[in-house]
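A.B. asks: Residue numbers (my numbering): -13 to 98.
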RNA sequence: CGAGUAAAUCAGGCAGUUGCGGGCAAAACACGAAAGUGUUUGUCCGAGGAAAGUCCGGGCUCCACAGAGCAAGAAUAACGGCUAACGGCCGCCGGGGGCGACCCUAGGGAUAGUGCAACAGAAAUAAACCGCCACUUUGUGGUAAGGAUGGAAAGGCGAGGUAAGAGCUCACCGGAGUUGGGGAGACCCAACUGCCAUGUAAACCCUAUUCGGAGCAACACCGUGGAAGACUAAUUUGCCUGCUCGGCAAGUCUUAGGAGGUGGCGCUGAGCUGUUGCGGUAACGCACAGCCAAGAUAGAUAACUGCCAAAUACAGAACCCGGCUUAUAGAUUUAGUCGCUUU
RNA sequence: CGAGGUGUAGCGCAGUUUGGUAGCGCACUUCGUUCGGGACGAAGGGGCCGCAGGUUCGAAUCCUGUCACCUCGA
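1. Could you tell me whether the Cβ atoms of residue 53 and residue 17 are closer together than 9 angstroms?
2. Looking at the structure shown, is residue 154 part of a helix, part of a strand, or coil, going by DSSP?
3. Any idea which residues DSSP pairs residue -8 with across the strands?
4. According to DSSP, which residues form a beta bridge with residue 102?
5. Under three-state DSSP, which class holds residue 61?
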């Protein structure tokens, strides 16, 4: 299994929101942008709009579970930011998985 | 059987596959001079009754004072107890509600002072508008029985009494004071005196008690770069400058400390468990036995499937404890009460 | 962790200090004016004052609890 790092700095989130490519579905928003390293870095955003701590934690878990399925197939050298939406906490992880796979194929970051 | 009251408990479980955080152990591998770090393997542990709101009380840390008092501000308010402490809890008294089990109650002081009481009403803290009675009758005096108002109208009600009336007098009730008795106390009971000017202090205020301030982003340690100060005695290098002196920088030492990191931080602690024993009505205390049980740092409990009638509530530790308040699907247990029926 | 503020008509706000009538502007309805519309003029409707208790004769106002939103500091 490949390693991936998490994004912690606010300016990289801001760069992804402003200059990255975005893909939207009802339960997930994905931003993809190249970074200048050889690593794959991901960030998960769960805002206060989604709910309280239980809902936000569940969104993070679902997104992380879906991502761990896809992580070995992703080309390194990208920052990927996932944003949870209001519906995310009521949805199963398989739906997130299909949405995420669709987004990442559109972004051309999946290996064949 | 129905209705209702009080108290307590649980907060999905099991199985399979994939996966996450921490402790411990041993070996192997990788990196490293070493300390050690990472990976793999084994094993153990891994959110709540409210973890929530942040409304009180403490521990802990730093600052202030190292003498207490006054003032200011805030909180609390019958009485007795429990507790480390509390504005919490238990018991009990007074008041209110319910047929009852039981429930609710910020419940000190209004002759220490100040303020306020709209409208209505003759009059609102002080009384004569109407009425009633008397007389020297277009007025004067007596009178609070009766009168529409109002939250509140000068203790209530009945009898006596009177010119008419009035606690003016008496019985009962209410309230106040004194005495006696009971109780740990709030308070309760009885007798006597005898009718004493409304309400509001969750208006200002008075009385009693308590409180130094700030908070784990506290605080302690390390601290690339950079900052400030000192030393240049000896030696070396560079620059001003070709040489000497001098200065600056490098150098050495000291100080404070931003980013970042480590500790604080889960540790024997006001600890948890107990069909246990003793004391107490109870809160709780003492003894005994057993146990050591999350500790992350963008933040660990998840995903998928099957079965159990159904799996669905509120909801995620972030320094730690004791309470309070609020949210909460469903299920279970115990003890009283009322009504109906049967024996 | 700490400090503060705001909830009143469909919208934006007064009134809360010092308790007694809930008001202003825009919007809405009707009528007038105009050939018609706008503007203008006149009249009118619409509120359990965030929620629940309490104090008081009486609460938007005072007290307690609670909910939602907003702002600030470390």
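We treat Cβ as the ideally placed atom computed from N, Cα and C, and that holds for glycine.
C.D. replies: Well, looking at it:
1. Residue 17 sits away from residue 53, with the two beta carbons spaced by 9 angstroms or more.
2. Here the chain has residues from -13 to 98 only, and residue 154 is not among them.
3. For residue -8, which the question treats as bridged, DSSP gives the partners 28.
4. In the structure displayed, the chain extends from -13 to 98; residue 102 sits before or after that span and is not available.
5. coil
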